[in-house]
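These notes concern the structure reproduced below.
Residue numbers (UniProt numbering), protein chains in the order written: chain A, 1 to 80; chain B, 1 to 178.
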């Protein structure tokens, strides 16, 4: 049976493949998708490798500001 | 939500938060600067080779898996397994730096320097600062592997995951959001 760490790594690889596939697309929606994938990778690293899945309050304390910051980056990209 | 809920040493979380803030400030400044010359930034960004960045992401998250396994092995009293995981993680860091070196050499041979365009100033500063963290992490992982004490292995692995985390966050704005 696959262990938790290997499963988390496979999730990250899948997210990287999705990023590579979406990278060819252009436009605001694609940009939002790429940043959402970056957020999902962050969640996998923080939750699965840095063990914040065991401390959901702290996981949110990192992920919510990160999500807001990525929204800001998207807005700065989309405003052009 | 108590401080005691945080896995590992508090100082490592302070470091992780601080590093995220530093790189986020750099990316935000770059994104704001892009507004002054969107075409120039897009043209400059198009000169980068995103395939190498994608390859390096795979290398880094895979080395993160080895670091996490080293941490688990150390916690279970398996020092040999911890050392093996740490050295494989460090090897991943060395491969990352080698790929980055090839990428920089390709950039420089194409006439891309740090002062070629404001985008490249941010590109070299942010990716160079990150690469310096990777180099420091490789040394740290090798040092921690000598004694492979559980608390030290955990701290080394946390530093390594931070390097991984920063990379996945800075990659889209630098390489992909044209």
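Built from N, CA and C at the ideal position, the CB exists for glycine as well.
From a predicted model like this one, the values you see are computed outputs, not experimental measurements.
| Item | Value |
| --- | --- |
| Mind listing the chain A neighbours of residue 211 of chain B? Cutoff is C-beta to C-beta under 7 Å, in chain order. | Beyond the ends of chain B as shown, which are 1 and 178, falls residue 211 of chain B; an answer cannot be given. |
| Between residue 17 of chain A and residue 148 of chain B, what straight-line distance do the alpha-carbon atoms span, to the nearest angstrom? | 34 Å |
| State whether the stretch 36-49 of chain A contacts the stretch 156-171 of chain B, with contact taken as three or more CB pairs (one from each stretch) at a distance under 8 Å. | yes |
| Measuring alpha carbon to alpha carbon, tell me which of A:30, A:3, A:4, A:43 ends up nearest residue 60 of chain A. | A:43 |
| Any idea what DSSP makes of residue 69 of chain B, helix, strand or coil? | helix |
| Can you give me, in chain order, the residues of the stretch 131-158 of chain B that have a beta carbon less than 9 Å from any beta carbon in chain A? | 157, 158 |
| Along the chain, where does the alpha helix (DSSP H) containing residue 103 of chain B start, and where does it finish? | 79-109 |
| Got a sec? Which residues, its chain only, sit under 8 Å from residue 69 of chain B by beta carbon, not counting five neighbours each side? | 81, 85 |
| Is residue 26 of chain B closer than 9 Å to residue 126 of chain B when the C-beta atoms are compared? | yes |
| Using the C-alpha atoms, what's the distance from residue 29 of chain A back to residue 142 of chain B? | 42 Å |
| Pull up the distance between the alpha-carbon of residue 158 of chain B and that of residue 121 of chain B, whole angstroms please. | 29 Å |
| Quick one: does residue 110 of chain B have its CB under 9 Å from some CB of chain A? | no |
| Only counting the same chain, and skipping five residues up and downstream in sequence, which positions put a Cβ closer than 6 Å to that of residue 154 of chain B? | 8, 71 |
| Just tell me which of B:34, B:93, B:50, B:100 has its CA closest to the CA of residue 156 of chain B. | B:93 |
| State buried or exposed for residue 63 of chain B, treating a residue as buried only when at least 16 other CB atoms are found within 10 Å of its CB. | buried |
| Does the beta-carbon distance from residue 19 of chain A to residue 177 of chain B come in below 9 Å? | no |
| Does residue 24 of chain A come out as helix, strand or coil in the three-state DSSP assignment? | coil |
| Applying a beta-carbon distance threshold of less than 8 Å, which residues of chain B neighbour residue 57 of chain A? | 1, 5 |
| Measure the alpha-carbon distance for residue 76 of chain A versus residue 32 of chain B and round it to whole angstroms. | 6 Å |
| Quick one: what's got a C-beta closer than 7 Å to residue 103 of chain B's C-beta in the same chain, skipping five residues either side? | 49, 52 |
| When DSSP labels each residue in this structure, what does residue 189 of chain B get in the three-state scheme? | Here chain B covers residues 1 to 178 and nothing more, so residue 189 of chain B does not appear. |
| How big is the Cα-Cα spacing for residue 129 of chain B and residue 79 of chain B? | 32 Å |
| In the DSSP assignment, the alpha helix (DSSP H) including residue 38 of chain B goes from what residue to what residue? | 38-46 |
| Give the single residue among A:53, A:4, A:36 whose Cα lies nearest to the Cα of residue 69 of chain A. | A:36 |
| Are the beta-carbon atoms of residue 81 of chain A and residue 28 of chain B separated by less than 9 Å? | It is not possible to answer for residue 81 of chain A, since the shown part of chain A is limited to 1 through 80. |
| I believe residue 150 of chain B touches residue 74 of chain B by the beta-carbon criterion, under 8 Å. Please report the beta-carbon distance rounded to the nearest angstrom. | 4 Å |
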